[in-house]
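S.K.: Numbered according to our numbering, the sequence shown spans residues 67 to 617. Every residue, glycine too, gets a C-beta built ideally from N, C-alpha and C.
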Amino acid sequence: MSNVDLLARANAWLSQDPDPETAAELRALIDLAAIGDSAAIDDLHDRFDARLAFGTAGLRGELGAGPNRMNRVLVQQTAYGFGQFLLHRDGSPSVVIGYDGRVNSDVFARDSAEIFAGLGIAVTLFPHVVPTPVVATAVRALNVSAGVMVTASHNPPRDNGYKVYLGGADDGSQIVSPADHEIEALIVAATSIPVAEYPRSDSYALAPESLIDDYVSATASMSTHPATPIPFVYTAMHGVGWDVSNRAYLASGLGNAIVVSEQIHPDGAFPTVAFPNPEEPGALDLAYATADSAGVELIIANDPDADRLAVAIKDDGEWRRLTGNEVGALLGWRAAERHKGSGKPAALAASIVSSPALRAVAAHYGIPYSDTLTGFKYVNRVPNLIFGFEEALGYLVDPIKVRDKDGISAAVDFLAMAGELRADGKTVAEHLGDFADTFGAFASTQISIRVNNLTDIPAISGRFRTAPPATLAGRAVTAIDDFADGFENFPPSDLIRLTIDGGSRVIVRPSGTEPKLKIYIDAAVTDGDNRTERVNQVVAALEADLREFIS
67 MSNVDLLARA NAWLSQDPDP ETAAELRALI DLAAIGDSAA IDDLHDRFDA
117 RLAFGTAGLR GELGAGPNRM NRVLVQQTAY GFGQFLLHRD GSPSVVIGYD
167 GRVNSDVFAR DSAEIFAGLG IAVTLFPHVV PTPVVATAVR ALNVSAGVMV
217 TASHNPPRDN GYKVYLGGAD DGSQIVSPAD HEIEALIVAA TSIPVAEYPR
267 SDSYALAPES LIDDYVSATA SMSTHPATPI PFVYTAMHGV GWDVSNRAYL
317 ASGLGNAIVV SEQIHPDGAF PTVAFPNPEE PGALDLAYAT ADSAGVELII
367 ANDPDADRLA VAIKDDGEWR RLTGNEVGAL LGWRAAERHK GSGKPAALAA
417 SIVSSPALRA VAAHYGIPYS DTLTGFKYVN RVPNLIFGFE EALGYLVDPI
467 KVRDKDGISA AVDFLAMAGE LRADGKTVAE HLGDFADTFG AFASTQISIR
517 VNNLTDIPAI SGRFRTAPPA TLAGRAVTAI DDFADGFENF PPSDLIRLTI
567 DGGSRVIVRP SGTEPKLKIY IDAAVTDGDN RTERVNQVVA ALEADLREFI
617 S
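(1) Which residues in the same chain have their Cβ closer than 8 Å to the Cβ of Thr-198, if we skip the five residues on either side of it in sequence?
(2) If the criterion is Cβ atoms closer than 7 Å, does the pair Ile-546 and Leu-583 meet it?
(3) Nearest to Met-483 by CA position, among Val-200, Ala-395 and Asp-588, is which residue?
(4) Using the C-alpha atoms, what's the distance from Glu-363 back to Asp-382?
(5) Do we get a CB-CB distance below 7 Å when we pair Leu-414 with the residues of chain E?
(6) Looking at the structure shown, is Gly-506 part of a helix, part of a strand, or coil, going by DSSP?
(7) Look up Tyr-435 in the DSSP assignment and give the residues it is bridged to.
(8) Classify Tyr-264 as helix, strand or coil using the three-state DSSP reduction.
(9) Does Pro-576 come out as helix, strand or coil in the three-state DSSP assignment?
(10) For Arg-600, which option in Pro-581, Glu-580, Ser-570 and Ala-256 has the closest C-alpha, if you only look at C-alpha atoms?
(11) How is Asp-548 classed by DSSP in three states: helix, strand or coil?
(12) Cα separation between Ile-573 and Gly-390?
(13) With H, G and I counted as helix, E and B as strand and the rest as coil, what does DSSP make of Glu-456?
(14) Touch check for the region 602–612 and the region 531–542: three-plus C-beta pairs under 8 Å?
(15) Taking the C-alpha atoms as reference points, what is the distance between Arg-575 and His-247?
(16) Please report the distance separating the alpha-carbon of Ile-418 from that of Phe-341.
(17) DSSP on Thr-190, reduced to helix/strand/coil?
(18) If we count the other Cβ atoms within 10 Å of its Cβ and call it buried at 16 or more, is Met-303 buried or exposed?
(19) So the candidates are Glu-346, Ser-311 and Tyr-354; which of them puts its Cα closest to the Cα of Glu-328?
(20) Opposite Lys-406 in the DSSP bridges: which residues?
(21) In or out: Glu-275 buried (at least 16 other Cβ within 10 Å) or exposed?
(22) I want to know whether the region 294–303 touches the region 268–286 - three or more CB-CB distances under 8 Å.
(23) Rounded to whole angstroms, how far is the Cβ of Leu-375 from the Cβ of Val-393, which I believe are closer than 8 Å?
(24) Apply the 10 Å Cβ neighbour rule to Ser-68 and answer buried if 16 or more other Cβ atoms are within range, or exposed otherwise.
(25) Terminal residues of the continuous alpha helix (DSSP H) containing Ser-475?
(26) Determine contact between the region 231–247 and the region 131–138, defined as no fewer than three beta-carbon pairs at a distance below 8 Å.
(27) Check Ile-324 in the structure and name its three-state DSSP category.
(28) Apart from the five residues just before and just after Thr-290, which ones in its own chain have a Cβ nearer than 7 Å to its Cβ?
(29) Please identify the residue among Phe-174, Ile-585, Arg-266 and Leu-316 whose C-alpha is closest to the C-alpha of Ser-287.
(30) How would you call Arg-135, buried or exposed, if buried means at least 16 neighbouring beta carbons within 10 angstroms?
(31) Per the contact definition of three or more C-beta pairs closer than 8 Å, is the region 257–266 in contact with the region 455–468?
(32) Among the residues of its own chain, which have a CB less than 8 Å from the CB of Glu-91, if the five just before and after it don't count?
(33) Sorted by chain position, which residues of the same chain lie with C-beta nearer than 7 Å to Ala-502's C-beta, five sequence neighbours on each side aside?
(34) Helix, strand or coil for Phe-341? Go by DSSP, reduced to three states.
(35) So, are the CB atoms of Val-161 and Phe-182 less than 7 Å apart?
(36) In the DSSP assignment, find the unbroken beta strand (DSSP E) run with Ser-178 in it and report its ends.
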């Protein structure tokens, strides 16, 4: 758009911004742009040439003024548009709202509650920060039409987001198409009305503490209450997981956690980590130091909204963070063992980019297995699910209670397993060896390419479509499956899968929540000796060749 139109749009946005901080930020940019400051003009274009789109992950973006940032105007427009969707969908809609400890999460939650209530929707708002799994559970427990969780999960510190669940036929799952497009259209329509003219009301209910009590009780019922619980260190990564996690650990007979004190309380500045994601290099350094000081060999970490779980163990005297695939394989094995002999329908599922290890578990136990598109909005919809996971540290161990990944319940299940192993004189590392002996050795790694310009992603991934490698790790690439127009039972998706002779595979896709291209590498060795050593060698060779290919 022209600079004249740009300034007009910016001034129109400024006129309805109720937040003094973002209003001052925008006013300063407008003043600089008006006198021709090129940096300010570029900044305004970045904020106003596009709009944060409401997709199947809801909203997520950097805090700041303008439609391409997370702020009070955008959130109020989103709440009004989503409210219209609920009114069209349900004759008497209701919604539960929660929020985490990020900057403005509480403000966005209250704005949403007031607008929903003003539209005549019954609203229940949590009066304090809560983990995402508690809100996802509350959608089903309260039998409401929808749930909203204000969180950016494990995104960078200056981000925030808006995650949506649907009740009714969706049974408390996150939204999938076409609901996301319908909601987005209603949000865009809402922008024609100044936010000050939206109806508002403070006639909403506060969520009772009994919702958290029930969540803790249901989570504890999964635990085997080991007689000799294993000592462990816990970090909340400056998020909201600790209070509920601690209650769940104690109720599950897992003992008192040793906490990483610097990261235990909610802090939207995330002062000790560059990225509050347990997968990122350095994120667990304080946990390692705390565990070493205490002489403890197991670490449990949640991401800031506690829907993800990371585990680290001491193995031969060195810290080893288990991959999401390793944790998913062990918890899936555990779920299959729990189900054995029950006679009830069952299914196991994982996202398509997750390790094939769970498929091997399912085959061993005669349980149906499904690969799904990435995201728990697909994993949790598999009928008769008893366990599902995605490699990005997401696990669903209790589908009866919740229909989303749950880092607290998964931690309870993992700690109970570790306690049982300890009673048998075994370690988690040895249990991983038992898995390889029983089902085969599976190894995986990932190459993440973070970009500043999103147009760089199709440029890189396009090479796998137009000029893919013929061999990787000295083995032939036997198939290249492009999901762009749909493939087998999968709808169209920006995903490419390479199958390599010998049972390995590579999947290329953009991240759904961050400006990244991800390359997933998986290999399996299911016979012979030294399986783990051999499969790690295959993965290392694949990674080396792929890095050379994309360089």
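M.R.: According to the structure data:
(1) Within the same chain, Thr-198 has close Cβ partners Gly-164, Asp-166, Met-215, Thr-217, Ser-219, Lys-229, Asp-371, Ala-372, Asp-373 and Asp-470.
(2) Cβ atoms of Ile-546 and Leu-583: not closer than 7 Å.
(3) If we check each option's Cα against that of Met-483, Ala-395 comes out closest.
(4) About 11 Å.
(5) Protein chains in the displayed structure number just one, and chain E is not present.
(6) Coil at Gly-506, not helix or strand.
(7) Tyr-435 pairs with Leu-414.
(8) In the structure shown, Tyr-264 sits in coil (DSSP, three-state: anything other than H, G, I, E or B).
(9) Correct three-state label for Pro-576: strand.
(10) For Arg-600, the nearest C-alpha among the options comes from Ser-570.
(11) When DSSP states are grouped into helix, strand and coil, Asp-548 belongs to the strand group.
(12) Distance between the alpha carbons of Ile-573 and Gly-390: 16 Å.
(13) Three-state result, Glu-456: strand.
(14) These segments touch.
(15) Rounded to the nearest angstrom, the two C-alpha atoms are 21 Å apart.
(16) If you draw a straight line from the Cα of Ile-418 to the Cα of Phe-341, it is about 26 Å long.
(17) The DSSP-derived three-state label of Thr-190 is strand.
(18) Met-303 comes out buried.
(19) Glu-328 has its Cα closest to that of Tyr-354, out of Glu-346, Ser-311 and Tyr-354.
(20) The partner list for Lys-406 (beta bridge, DSSP) is empty, contrary to what the question assumes.
(21) By the neighbour-count rule (16 or more Cβ atoms within 10 Å), Glu-275 is not buried but exposed.
(22) Per the Cβ contact rule, the region 294–303 is not in contact with the region 268–286 (fewer than 3 Cβ pairs under 8 Å).
(23) That pair is a contact at about 7 Å.
(24) The residue in question, Ser-68, is exposed, as its Cβ has fewer than 16 Cβ neighbours within 10 Å.
(25) Residue range 473–489 is occupied by the alpha helix (DSSP H) that includes Ser-475.
(26) No: fewer than three Cβ pairs fall under 8 Å.
(27) Residue state, collapsed to three classes: strand.
(28) Excluding sequence neighbours, Thr-290 sits near Ala-482 and Glu-486.
(29) When only C-alpha atoms are compared, the closest one is Leu-316.
(30) Counting Cβ neighbours within 10 Å, Arg-135 comes out buried, since at least 16 surround it.
(31) When Cβ pairs closer than 8 Å are counted between the two stretches, the region 455–468 is seen not to touch the region 257–266, the count staying below three.
(32) Taken in chain order, the residues that qualify are Gly-130 and Ala-131.
(33) Within its own chain, the residues whose Cβ lies closer than 7 Å to the Cβ of Ala-502, once the five positions on either side in sequence are excluded, are Arg-597 and Thr-598, listed in chain order.
(34) It is coil, neither helix nor strand.
(35) Closer than 7 Å, so yes.
(36) Counting along the chain, Ser-178 falls outside any beta strand (DSSP E), though it belongs to the alpha helix (DSSP H) covering 171–184.
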